[in-house]
Amino acid sequence: MDFNALISETAGKLEESIRNQYHVEINEELGFTGRQGVYDMLDCILSVLFPGCYCDDKIRENEMLSFLNEKLRYISYMFMRFLKDCLKYNCNLSCQINNCSCEKRAEQVMEALFKALPEIRALLITDINAAKKGDPAAESLDEIVFSYPFLEAIATHRIAHVLYKENVPIIPRMMSERAHSKTGIDIHPGATIGESFFIDHGTGVVIGETTTIGNRVKIYQGVTLGALSPFDSQGAPLVGKKRHPDIQDDVIIYANATILGGDTVIGKGSIIGGNTWITKSVPPNSMIYNSQE
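Heads up, the sequence shown is in my numbering, so the first residue is 5 and it goes up one at a time.
As structure tokens, then:
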């Protein structure tokens, strides 16, 4: 076997495929190298929300303001570069490169993100308190911050959701899928989630793009808030349409429940039992259980 010839042949075929299909894979097109840079930026953003958890070095109380200023300046410089390149790539795909205002848009996105960070932290505090209230096994708030996977998933989601609302391509989904791979919790960045949200255990939870979740909602592992059918009658994907359920305030959804459909509403204060399959709306204060034969 002539491996030199085989390597040359394989490299040539791969180059042709990369050039002709899905050219996002060529770094010069997207403007940043691989996923790790975005992941590093996400970790930097998480570190200004929870410095004690996401920083390698111990930060003294009298150093906190200096640390936050330095970290935010670093984020504004590095993440701005990612945003500009990603927005330019999107303009290139839509043939608007000659009228591109991506630098200004990137600044607007960074402004929206920075203004949202204090609010995101405030929401995450309500999520942490909901976990402490809802899980008898939680011995302290610190234990929740350092060890509960749902917190990284929802913190990442709340960051990615800001970028999603600003119509940033690719990056929000990269962030959400990084959280998915780390925690087993899959939350699309388009989902709208209220305060005091708690996912107990978390493994296998799926929350779709057009889901809305109210305040003080608690869900358990394996819950799916999904689309009843992601395709129309002609077999085309239902892009830009409401496909996922609405969960109103004070709802509890137990393990492995499946709730599907854009017209499905789970009424306020309802309890949804484990292993249930729901495709129709449920009135407020309902109790739905999987019947046992």
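For every residue, glycine included, the Cβ atom is placed at its ideal position computed from N, Cα and C.
Query: Contact check, GLN225 vs GLY208, beta carbons under 9 Å; Result: yes
Query: Extent of the continuous beta strand (DSSP E) run through LEU229; Result: 228-230
Query: SER274, buried or exposed, once every other Cβ within 10 Å from all chains shown has been counted against 16; Result: buried
Query: Range covered by the alpha helix (DSSP H) that runs through THR130; Result: 106-138
Query: Contact under 9 Å by Cβ, VAL227 with ASP254; Result: no
Query: Reduced DSSP secondary structure (H/G/I, E/B, other) of LYS222; Result: strand
Query: Three-way DSSP call (helix, strand, coil) for VAL210 in this model; Result: strand
Query: Selected residue, minimal CA-CA separation from SER285, among CYS95, ILE251, ASP6; Result: ILE251
Query: ASN289 beta carbon less than 9 Å from that of GLY271; Result: yes
Query: PRO153 - DSSP class collapsed to helix/strand/coil; Result: helix
Query: Cutoff 7 Å; reference CYS57; Cβ partners in own chain excluding five residues on either side; Result: VAL149, PHE150
Query: Reduced DSSP secondary structure (H/G/I, E/B, other) of ASP146; Result: helix
Query: Between the CA atoms of ASN94 and GLU29 - distance to the nearest angstrom; Result: Reliability of the predicted coordinates at GLU29 is poor, the pLDDT of 47 falling under 50, and no value is obtained from them.
Query: Own chain, CB closer than 6 Å to MET291, minus 5 neighbours either side, in chain order; Result: ILE275
Query: Residue of PRO193, HIS248, ILE189 minimising C-alpha distance to LEU229; Result: HIS248
Query: Reduced DSSP secondary structure (H/G/I, E/B, other) of LEU264; Result: strand
Query: Three-way DSSP call (helix, strand, coil) for PHE71 in this model; Result: helix
Query: Beta-carbon gap between ALA157 and ILE191 smaller than 9 Å; Result: yes
Query: Three-state secondary structure (DSSP) of ARG176; Result: Reading the sequence as shown, one finds Pro at residue 176 and not Arg. Looking at PRO176 - three-state DSSP - the assignment turns out to be helix.
Query: Backbone secondary structure at VAL286 - three-state DSSP; Result: strand
Query: Euclidean distance between Cα positions of LYS108 and ALA120; Result: 18 Å
Query: 7 Å CB neighbourhood of TRP281 in its chain, flanking five on each side removed; Result: THR262
Query: Three-state class that DSSP yields for PHE86 in the structure shown; Result: helix
Query: 8 Å Cβ shell around ASP47 - same chain, five flanking residues per side excluded; Result: TYR58
Query: Start-to-end residues for the beta strand (DSSP E) that takes in ASP204; Result: 202-204
Query: Rounded separation between LEU72 and ALA15 - CA only; Result: 46 Å
Query: Exposure of PHE201, with buried meaning 16 or more beta-carbon neighbours within 10 Å; Result: buried
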